[in-house]
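Heads up: the structure comes next, in structure tokens.
Residue numbers (our numbering), protein chains in the order written: chain A, 1 to 119; chain B, 1 to 526.
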């Protein structure tokens, strides 16, 4: 009976174990497939046909900012030279098991299959 | 069509480098400025002076985009009516637009009429920032700082044959740096075409294609002459996706009056936040007593980053509850931002990072200076000028070394309609003193008499020295100013951008080099 009670207590405790929380992460060794996954997830999230990412994205920072590829006026000035709004931004997060990409403007998170390192 | 138009106007669109993250990809789609003489208003039955809500005409398209939600079959007149109503609502100088019948022009031409044709006191066009992009190209996004380029910025010294194109800056570790190519090198030919003299259409096309690659892997041959070089040499440049370092140089110079910080700041892109924090923290730790901020090639970007840097320069005491920049729309919108719907309120100085590339709310370092030396020129624009203006607004001294800045206290919220994204000046920024009248740029003078004139020295760009070298003319002038208590070097008479008016004169120069909508690696007008 005592054993049964102990087992019951352990099971109950397990049911109430909080899920690991997400914190910032890095992904220093992205493969070509990983990069393609990121492009796909981001493109879908922001409803754009494609985004340009470098191999070093998320290698030293969990923050990704996306900016307009084209950008100069006919007279050579930056079209976005006085931008008062924030760029589209994503954060790489991990809970130690899973990696997610969080769109900062909406808070929506997208589960990734690539590996990343919780910081 | 864009390139064809520009081929007819030699160097009429010599372009300043783009400071924002960007690169190849996306068709060049920005339109050229129209002739400045507006056509006469035709007799028509449109209700002159009566404007509808732009929402009535929004997305009514002559050619609706297939698969694009929102586009509805309309007409060219509908698109023009939208431009008319939208401009009347949001254009900063809406009351200076001559109201014209929307049925009398095609849409591109009509848009070019939806602006002021007034001039600044210097005689240049008041509105030099009225253009469009194909929406499809505008929507392309890149990781901040990534661009297809060789990693070299080119500056145009001479707009007419014999042309002179000089390397202004080379991104460390880039294909250009590895070529090797260095600041000050003169480009003599590209892919066998004489850059100096050849003005044929075919030559121009070859030069443009070679100078401004759009695809990673593009290979082009350059014949260059190095600074002080006697012989020419041929190099092969291969374009790549390169990462721009927005703060590529920072150093501390031990002067007799104390440590002087130098920082080359080339672009207000998102990744600049982290770089600025790092370098300014080092300056703070070193206890610098003066700062030389090199903004000569910084065309702007995020205003928040300019705000953060201004705080880091002036420090918390000088900036507490003070206004860095106040956005002003036309008199129809004094309470609410008509685009975002948010209440209008001045932007005070940021004391913490805004999260562009470091964690939000990270404390900003500060060097608590009462004055800053800014190395500037025509490439110093927008957010860079906001740093100057914002600091002056709280009585932080700004000593300007170099040349007149570009003169852009204006901004816009780009708007798509029917596949074209329109940029029409909608707001301007003023500082804590309410000043924002620098449409002709900030000018370095020995004795300021106008609000846009700053104490400083007129010094030509020095391509014989690397940026950040204490022998480079502008940096040297700043150090000499510090040590002498305000002396300037003798003014040079050789080619000076101070003698060049804004681009109006370039249009007369004949066919020439143009720059696609990419950056870095751009032909600049010196």
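For glycine and all other residues, C-beta sits at the position ideal for the given N, C-alpha and C.
Item: With the cut-off set at 8 Å, would you say residue 93/A and residue 58/A are in Cβ contact?; Value: no
Item: Leaving out five residues before and five after residue 176/B in sequence, what residues of the same chain have Cβ atoms less than 7 Å from its Cβ?; Value: 150, 151, 152, 170, 237
Item: Please identify the residue among 336/B, 475/B, 53/B, 428/B whose C-alpha is closest to the C-alpha of residue 251/B.; Value: 475/B
Item: Per DSSP, residue 444/B is paired with what?; Value: 454/B
Item: Could you pull the start and end residues of the alpha helix (DSSP H) that residue 263/B belongs to?; Value: First-last for residue 263/B: 258 to 264, but that is the beta strand (DSSP E), not the alpha helix (DSSP H).
Item: Compute the Euclidean distance between the alpha carbons of residue 410/B and residue 425/B, then round it to the nearest angstrom.; Value: 6 Å
Item: So for residue 417/B, helix, strand or coil by DSSP?; Value: strand
Item: Distance check for residue 231/B and residue 131/B, CA to CA, integer angstroms please.; Value: 43 Å
Item: Quick one: is residue 155/B buried, meaning 16 or more other Cβ sit within 10 Å of its Cβ, or exposed?; Value: buried
Item: Between 225/B, 400/B, 110/B, which has its C-alpha nearest residue 97/B's C-alpha?; Value: 110/B
Item: Is there a C-beta anywhere in chain A that falls below 8 Å from the one on residue 142/B?; Value: yes
Item: Tell me whether residue 410/B sits in a helix, a strand or coil according to DSSP, three-state version.; Value: strand
Item: Could you tell me which whole beta strand (DSSP E) segments of length 3 or greater appear in the stretch 330 to 391 of chain B?; Value: 371 to 376
Item: Step through the CB atoms of chain A and report whether any lies within less than 8 Å of the CB of residue 217/B.; Value: no
Item: Suppose the cutoff is 6 Å on Cβ atoms and the five residues either side in sequence are ignored; what does the same chain contact list for residue 109/A look like?; Value: 100, 102
Item: For residue 327/B, go through chain A and note every residue whose CB falls closer than 7 Å to its CB, in chain order.; Value: 84
Item: Identify the contact partners of residue 95/A in chain B, using a Cβ-Cβ distance below 7 Å as the criterion.; Value: Neighbours of residue 95/A on chain B: none; closest Cβ ~18 Å, over 7 Å.
Item: With a floor of 4 residues, list each alpha helix (DSSP H) that falls wholly inside the stretch 80 to 140 of chain B, ordered by position along the chain.; Value: 107 to 113, 135 to 138
Item: Determine the closest residue to residue 247/B out of 260/B, 258/B, 267/B, 256/B, with distance taken between C-alpha atoms.; Value: 267/B
Item: Mind checking the stretch 429 to 458 of chain B against chain A and listing, in chain order, the residues whose C-beta falls within less than 9 Å of any C-beta there?; Value: 429
Item: In the DSSP assignment, find the unbroken alpha helix (DSSP H) run with residue 233/B in it and report its ends.; Value: Note, residue 233/B: premise wrong, no alpha helix (DSSP H); beta strand (DSSP E) at 232 to 238.
Item: For residue 180/B, which of 167/B, 431/B, 320/B has the nearest alpha-carbon?; Value: 167/B
Item: Just to confirm the assignment: which complete beta strand (DSSP E) runs, minimum length 3, are found wholly within the stretch 148 to 225 of chain B?; Value: 152 to 158, 164 to 170, 186 to 190, 219 to 225
Item: From residue 281/B to residue 446/B, what does the alpha carbon distance come to, in whole angstroms?; Value: 32 Å
Item: Quickly, what does DSSP pair residue 326/B with across the bridge? List them, please.; Value: 430/B
Item: Name the two residues that bound the continuous beta strand (DSSP E) containing residue 89/A.; Value: 88 to 94
Item: Between residue 303/B and chain A, is there a C-beta pair that is closer than 8 Å?; Value: yes
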